[in-house]
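Structure first, commentary second.
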Amino acid sequence: MKRTAGELAALLGGALDGEPGESIDNVAELEAAGPGDLSYAEPRYANRVPSSRASCVLVSEGAFPGKTTITVRNPKAAFARAAGWLMPAVRPEPGVDPTAVVRPGARLGTGVHIGAHVVVEADAVIGSGTAVYPGCHIAAGCRIGENCTIRSNVVLYPGVEIGRRVVLHAGVVVGSDGFGYVRDGDEYVQFPQLGQVRIEDDVEIGANSTIDRGSLGSTRIERGAKLDNLVHVAHNVRIGARTVIAAQTGVSGSCDIGDDAVIAGQVGVADHVRIDAGGVVGAQCGIPSGKRIRAGRVFWGTPARPLDDIKIQQAHISRLPKMAAELARLRGLVEQMIEQGDETGG
Numbered sequence: 024m025k026r027t028a029g030e031l032a033a034l035l036g037g038a039l040d041g042e043p044g045e046s047i048d049n050v051a052e053l054e055a056a057g058p059g060d061l062s063y064a065e066p067r068y069a070n071r072v073p074s075s076r077a078s079c080v081l082v083s084e085g086a087f088p089g090k091t092t093i094t095v096r097n098p099k100a101a102f103a104r105a106a107g108w109l110m111p112a113v114r115p116e117p118g119v120d121p122t123a124v125v126r127p128g129a130r131l132g133t134g135v136h137i138g139a140h141v142v143v144e145a146d147a148v149i150g151s152g153t154a155v156y157p158g159c160h161i162a163a164g165c166r167i168g169e170n171c172t173i174r175s176n177v178v179l180y181p182g183v184e185i186g187r188r189v190v191l192h193a194g195v196v197v198g199s200d201g202f203g204y205v206r207d208g209d210e211y212v213q214f215p216q217l218g219q220v221r222i223e224d225d226v227e228i229g230a231n232s233t234i235d236r237g238s239l240g241s242t243r244i245e246r247g248a249k250l251d252n253l254v255h256v257a258h259n260v261r262i263g264a265r266t267v268i269a270a271q272t273g274v275s276g277s278c279d280i281g282d283d284a285v286i287a288g289q290v291g292v293a294d295h296v297r298i299d300a301g302g303v304v305g306a307q308c309g310i311p312s313g314k315r316i317r318a319g320r321v322f323w324g325t326p327a328r329p330l331d332d333i334k335i336q337q338a339h340i341s342r343l344p345k346m347a348a349e350l351a352r353l354r355g356l357v358e359q360m361i362e363q364g365d366e367t368g369g
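Everything in the sequence shown is counted per our numbering, starting at 24 for the first residue and increasing by one.
Structure, rendered in structure tokens:
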């Protein structure tokens, strides 16, 4: 979609310097950009702006004679918004594919797309503008809000509730039974897994992630949270608004994760953990059962400890070979002194 630099500056609320009529219809990284492209430069790369061939560059400060720039507070975030405006995602045409099965009693809003081999069970509701891609199964009683994107082979178990503008990538499973068992003699008996899953507006869940239903209560993923690929969320977990969780992280049952938390990749969270709002957990961290991660410090390691403490401990550990050599030298001196004492009768 062709736009002008002037239109873009108005959209972003930025200060335009250069040609307001400069035409823009694409986006690219700074070094690869050419005529018609929009790019951006964070402060550390500002020296690359003069040599870029981009028609317009988003910057946070500075003057660049001969270049069309728009000064904004956060060039990267502004670039992301501009890209969505210049190149909106292509939505499939409304309608139900002939191979799809929509059971009697299911309700579809206006402009809904149902792809090939999708099954929508009775009493399911799909909001207006939502696209359900091939191979999905929407079980009985599910509620999907408006303008959602449900990618191929997603499975929603009965009663799952999804808000508006939610994106579920390929292979996501929502509402499966939690891993809850009670030992009775020489066998395990499944504890009831009868709760719900509620996913609020503007959540995005990456490919092949799984969200278990609550055992008796609910599993909740709150507004604007973003989960990467291959994330597992167990039963009765709450994930707060705008929290981000990177790939291959597992969250055990009954954890409470506050708003705006950041959890890096391959983190293991044991049951009944509390992560405060704004808490930060580093990659491959292991958080033991019942532990609280407080905001204001980065946690890392297994078991999880404040990163500043771990840095001190690692510094000591790195000195162990030198300390061992020094200890051996001192031991040798002591043994030598003892031998000399024995020889002199001391």
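Glycine included, every Cβ here is placed at the ideal spot set by N, Cα and C.
Between residue i and residue j, which are expected to be in contact by the criterion C-beta below 8 Å, what is the C-beta distance as a whole number of angstroms?
{"i": "Pro117", "j": "Val135", "result": "6 Å"}
{"i": "Gly37", "j": "Ala101", "result": "7 Å"}
{"i": "Val50", "j": "Leu61", "result": "5 Å"}
{"i": "Gly263", "j": "Ala306", "result": "With a Cβ gap of about 20 Å, Gly263 and Ala306 do not count as contacting."}
{"i": "Pro98", "j": "Tyr63", "result": "4 Å"}
{"i": "Arg166", "j": "Val148", "result": "5 Å"}
{"i": "Ser275", "j": "Asp294", "result": "4 Å"}
{"i": "His160", "j": "Val142", "result": "5 Å"}
{"i": "Ala163", "j": "Pro181", "result": "5 Å"}
{"i": "Arg320", "j": "Pro311", "result": "Rounded, the Cβ-Cβ distance is 17 Å, inconsistent with contact."}
{"i": "Gly168", "j": "Ile185", "result": "6 Å"}
{"i": "Val377", "j": "Ile244", "result": "As shown, the chain starts at 24 and ends at 369. That puts residue 377 outside it, with no answer to give."}
{"i": "Val296", "j": "Lys314", "result": "6 Å"}
On the criterion of 16 or more Cβ atoms from any shown chain inside 10 Å, does residue i qualify as buried, or is it exposed?
{"i": "Leu239", "result": "exposed"}
{"i": "Arg23", "result": "What is shown of the chain runs 24 to 369, which leaves residue 23 out entirely."}
{"i": "Ala2", "result": "The displayed coordinates of the chain run from 24 to 369. Any statement about residue 2 would go beyond what the structure contains."}
{"i": "Leu343", "result": "exposed"}
{"i": "Arg352", "result": "exposed"}
{"i": "Val205", "result": "exposed"}
{"i": "Tyr211", "result": "exposed"}
{"i": "Glu45", "result": "buried"}
{"i": "Ser75", "result": "buried"}
{"i": "Leu356", "result": "exposed"}
{"i": "Ile361", "result": "exposed"}
{"i": "Leu31", "result": "buried"}
{"i": "Ala56", "result": "buried"}
{"i": "Asn70", "result": "exposed"}
{"i": "Leu350", "result": "exposed"}
{"i": "Leu191", "result": "buried"}
{"i": "Ala347", "result": "exposed"}
{"i": "Ala338", "result": "exposed"}
{"i": "Ile340", "result": "exposed"}
{"i": "Thr14", "result": "Since the displayed the chain opens at 24 and closes at 369, residue 14 lies outside it and no answer follows."}
{"i": "Leu217", "result": "exposed"}
How about residue i and residue j: do their beta carbons lie closer than 9 Å?
{"i": "Arg261", "j": "Cys278", "result": "yes"}
{"i": "Asp40", "j": "Thr91", "result": "yes"}
{"i": "Gly138", "j": "Ala154", "result": "yes"}
{"i": "Gln410", "j": "Thr242", "result": "As displayed, the chain neither begins before 24 nor continues past 369, which places residue 410 out of reach and without an answer."}
{"i": "Ala77", "j": "Leu53", "result": "yes"}
{"i": "Ile228", "j": "Val189", "result": "yes"}
{"i": "Arg236", "j": "His255", "result": "no"}
{"i": "Ala112", "j": "Thr27", "result": "no"}
{"i": "Val197", "j": "Ile222", "result": "yes"}
{"i": "Leu35", "j": "Ala105", "result": "yes"}
{"i": "Ala284", "j": "Gly309", "result": "no"}
{"i": "Asp224", "j": "Gly247", "result": "yes"}
{"i": "Ile333", "j": "Ile316", "result": "no"}
Would you give the residue range spanned by the alpha helix (DSSP H) that residue i belongs to?
{"i": "Ser341", "result": "330 to 341"}
{"i": "Glu30", "result": "28 to 35"}
Check for me: the beta strand (DSSP E) holding residue i runs from which residue to which?
{"i": "Phe322", "result": "321 to 323"}
{"i": "Leu53", "result": "First-last for Leu53: undefined, no H or E at that position."}
{"i": "Ala38", "result": "38 to 40"}
{"i": "Arg96", "result": "Neither: Arg96 is in no beta strand (DSSP E) and is coded neither H nor E."}
{"i": "Tyr204", "result": "204 to 207"}
{"i": "Gln219", "result": "219 to 222"}
{"i": "Asp200", "result": "Careful: Asp200 lies outside any beta strand (DSSP E) and carries neither H nor E."}
{"i": "Ser62", "result": "60 to 63"}
{"i": "Gln213", "result": "210 to 213"}
Length-filtered (3 minimum) beta strand (DSSP E) runs lying within the segment 224 to 290: Counting only runs of 3 or more, we get 233 to 235, 241 to 244.
Any alpha helix (DSSP H) of 4 or more consecutive residues that is wholly inside the segment 70 to 145: 98 to 109
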